[in-house]
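Below is one structure, written out as structure tokens; the observations come after it.
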Amino acid sequence: MINRIWVILLFLGIVVSALTGKFASLGNIMLNSAQEALDLFLKIATMLIFWSGIIRIALDAGLINKIAKLLLKPLSRIFPDLPQNSKALELIAGNVVCNLLGLGSAATPLGLKAMAELQKENPHPEEATRSMSTFVLLNAASLTVFPASLFGLRTLYGANDTIDLILLLSITSALATAIALTSDRLFHFWCSRKKP
């Protein structure tokens, strides 16, 4: 499906450039765009490598685990189905810590491992558990206190003050998380009342 959309957009771009008399400059535009895309990729990759290294250092130093242990009690309230010594809960805590720091690329592998662990503990593998649904909502809302990736991108593009949005972003992500978790609780309550 997405391939068709790209082909249609490419075809429309060629047709519009031919109709507007800019067909001759199309080759230069395509080459320049490819160069800009490669430059952007290299800048973002460098930033991700840097922050992944910082997270690896924090992991090796035990900082992420200490923060994750602090989150185990609040997370056990969000995920009441899981025992506190659950491997899935530890992975979820690590995922939440990475999301709090705005490191989605570091949070993704932990999230995938957590979901696999939740599936192992699932008594009905063909259905998503309450914890799985809650975890998806928690990740979609992605509570972020320090959006490191965004700061890196703003710095790459020459923003004067890279931290001027931190309060607004923190409030927005906190509201999104609160709404997601409240919706999850209401939906679970509503569904549990409908079951015989």
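The sequence shown lines up with residues 12 to 207 when you count with the numbering used here. Ideal Cβ placement from N, Cα and C applies to all residues, glycine included.
Query raised in the report: For residue 147, does the three-state DSSP call read helix, strand or coil?
Result: Helix, per DSSP.
Requested in this report: Quick one: grab the DSSP three-state call for residue 205.
Outcome: The DSSP-derived three-state label of residue 205 is helix.
Query raised in the report: Between which two residues does the alpha helix (DSSP H) carrying residue 14 extend?
Result: Residue 14 -> alpha helix (DSSP H) spans 13-30.
**Report entry** Buried/exposed call for residue 172, threshold 16 Cβ in 10 Å
**Finding:** The residue is exposed, with fewer than 16 neighbouring Cβ atoms inside 10 Å.
Requested in this report: For residue 62, count neighbouring Cβ atoms within 10 angstroms of its own Cβ and tell me buried if that reaches 16, exposed if not.
Outcome: Counting Cβ neighbours within 10 Å, residue 62 comes out buried, since at least 16 surround it.
Report task. Work out the CA separation of residue 199 and residue 205 for me, nearest whole Å. Result -> One Cα belongs to residue 205, the other to residue 199, and the distance between them is close to 10 Å.
Requested in this report: Decide if residue 126 is buried, meaning its Cβ has at least 16 other Cβ atoms within 10 Å, or exposed.
Outcome: Buried.
Query raised in the report: What did DSSP end up calling residue 198 once you bin it into helix, strand or coil?
Result: It is helical.
Query raised in the report: Tell me which same chain residues have a C-beta within less than 6 Å of the C-beta of residue 191, skipping the five on either side of it?
Result: Cβ neighbours of residue 191 beyond the five flanking positions: 148, 152.
Query raised in the report: So what does DSSP say about residue 107, is it helix, strand or coil?
Result: Here residue 107 sits in helix by DSSP.
Query raised in the report: Enumerated in chain order, which unbroken segments of the alpha helix (DSSP H) with a length of 4 residues or greater are wholly contained in the region 32-100?
Result: For the region 32-100, whole alpha helix (DSSP H) runs of length 4 or above, ordered along the chain, are 37-72, 74-89.
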